[in-house]
């Protein structure tokens, strides 16, 4: 029986990202995917600049830029297509070095991620490989696999298993986990269209707040467009396979463009759910992505949450495998990610309810309130800011209980040296960012631990960032999260850095 350190079940964006991140630490991985080829239809279409950083970390900065377009913000429209409110996003690079939001086509992204695995000798990818059982014992996990093309069966032994096999995969059941419903279920019609015609629409997300039928429109790529409409109880996607039924929904945006110039590439029904697994780990098996959480799509965080899971877990697992982190470090994965994912799901529920619920009364409220939202101090920034909540306290997020500070948040991907940014310099290692010049002994201790020392010069972005948290030094983890921050650069500060890089 073949033995590998890590088996990853599922080769969607989450599984592929986890494999590439582990490979950067030299960890051998076997990726098992039930299907041989990439699912050709678009699903996720948006990600934020925090997740854009993860793709850049994989070496896909230029490749992703070539297949994506900046997300320009959000418009709220009434039933007559009048603009109730508009929240514009700056499409230039922000605090993380990328546009605050980007639109893309998921099959194109998955193709990039699969090709990227070819850069790593430590990753083996197998398609047509369906995992049928996960059996744990004290020393590892037996993974039973069936070749869906030949029917041949085999078993692989893994030290650790990452279940990235989606909402209906085997991994969650294998660890006895169940989804907890957060009380949000809506059925929506999703329509993807390709056309060379110019729709002449504002290139942000349009949210139609119509009590008769809520809807969403967005341009995904040069020729790709996405519509979503809430279905009535007596409707299904089959009712809209005919363009005669579909066109009246689209015509508010397509206008006089002939239907012959609109190629419908998908009409599907999706049930938007808000759910979180009640446990994300059983001994040596972890859940990531849709296996652990499902979110309504209103703030575009479904796929983002899965990539955040991978980023959070990969460096910790690599440290455990090479002996530089205690196995207890893995306990922080669920502690940190579960509450963060739940907070983002709750936000999506609130936004979705505010934009779609309430019937005619809700529409009256939106028509009265939405045009005045820009008058509320800070609300526009809140609506357009891509920053997500800091991680909760854990053994790897050390912060005072009574004040938030910088710990748990992301260090900005600030320009440090010419065109080099923080992520280029840190390169997946621990970093000590300080506005205090360290002593010779402290500098040597930082270097001994394999961490990167970054001096935040007065007037620099990092210097200003430290000041926002009342700090002069921050210890930043390999995933960009601040482990701890404080006023003084002392030996106990440096002791927060495990020798994971040494």
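Residue numbers (my numbering): 1 to 502.
Glycine included, every Cβ here is placed at the ideal spot set by N, Cα and C.
Please confirm whether residue 252 and residue 336 have their CB atoms less than 8 angstroms apart.
-> no
For residue 254, the three-state DSSP class (helix, strand or coil) | helix
Can you give me the Cβ contacts of residue 123 inside the same chain, cut-off strictly under 6 angstroms, excluding the 5 residues immediately before and after it?
-> 19, 23, 29 and 117
Assuming residue 204 and residue 72 make a contact with CB atoms under 8 angstroms, what is their CB distance in whole Å?
-> 4 angstroms
Compare the C-alpha of residue 192 against each of 130, 274 and 40 and name the closest.
-> 40
Curious, which full-length alpha helix (DSSP H) runs of at least 4 residues does the segment 156-229 contain?
-> 171-174
With a 10 Å radius around its C-beta and 16 neighbouring C-beta atoms as the bar for buried, classify residue 345 as buried or exposed.
-> buried
Any idea if residue 96 is buried or exposed, counting beta-carbon neighbours within 10 angstroms, 16 or more meaning buried?
-> buried
Looking at the structure shown, is residue 107 part of a helix, part of a strand, or coil, going by DSSP?
-> helix
Within the same chain, show all residues whose beta-carbon is closer than 7 angstroms to that of residue 312, passing over the 5 residues directly before and after it, in chain order.
-> 333, 336, 337 and 479
Do the segment 267-277 and the segment 437-451 make contact, defined as three or more Cβ pairs closer than 8 angstroms?
-> no
Residue range of the alpha helix (DSSP H) that residue 547 falls in?
-> In this structure the chain extends from 1 to 502, so residue 547 is not present and cannot be described.
Whose C-beta lies closer than 7 angstroms to the C-beta of residue 342 among residues of the same chain, with five residues either side of it excluded?
-> 276
Three or more C-beta pairs below 8 angstroms linking the segment 253-269 and the segment 175-195 = yes
Got a sec, what are the start and stop residues for the alpha helix (DSSP H) residue 298 sits in?
-> Here residue 298 belongs to no alpha helix (DSSP H), and DSSP marks it neither H nor E.
What are the boundary residues of the beta strand (DSSP E) that residue 5 is part of?
-> 2-9
According to DSSP, which residues form a beta bridge with residue 304?
-> Paired residues: none, contrary to the question.
What are the start and end residues of the beta strand (DSSP E) that includes residue 135?
-> 129-137
Where residue 106 falls, given that 16 or more other Cβ within 10 Å makes a residue buried | buried
Nearest residue (CA-CA) to residue 403, options 155, 437, 468 and 411 = 468
Three CB pairs or more closer than 8 angstroms across the segment 129-148 and the segment 450-461 = no
How many angstroms separate the CA atom of residue 56 from the CA atom of residue 433?
-> 21 angstroms
For residue 273: DSSP bridge partner residues = 185
Helix, strand or coil: which one does DSSP assign to residue 454?
-> strand
Report the rounded CA-to-CA distance for residue 104 versus residue 10, giving the unit in angstroms.
-> 21 angstroms
State the beta-bridge partners of residue 31 as determined by DSSP.
-> 8 and 125
Proximity winner among 329, 309 and 229, relative to residue 298 (alpha-carbon distances) | 229
Can the beta-carbon of residue 473 be found closer than 8 angstroms to that of residue 415?
-> no
Name the DSSP beta bridge partners of residue 70, please?
-> 102
For residue 498, I'd like the list of residues in its chain whose CB is within less than 7 angstroms of its CB, leaving aside the five on either flank, ordered along the chain.
-> 319, 324 and 325
Start-to-end residues for the beta strand (DSSP E) that takes in residue 448 = Careful: residue 448 lies outside any beta strand (DSSP E), inside the alpha helix (DSSP H) at 440-448.
Verify whether the separation of the beta carbon atoms of residue 210 and residue 79 is less than 8 angstroms.
-> yes
For residue 495, which three-state DSSP category applies?
-> coil
Within the same chain, show all residues whose beta-carbon is closer than 6 angstroms to that of residue 98, passing over the 5 residues directly before and after it, in chain order.
-> 49 and 52
Based on the DSSP output, what are the partners of residue 153 in its beta bridges?
-> 146
Using 8 angstroms as the Cβ pair cut-off and three pairs as the minimum, do the segment 176-190 and the segment 227-245 touch?
-> yes
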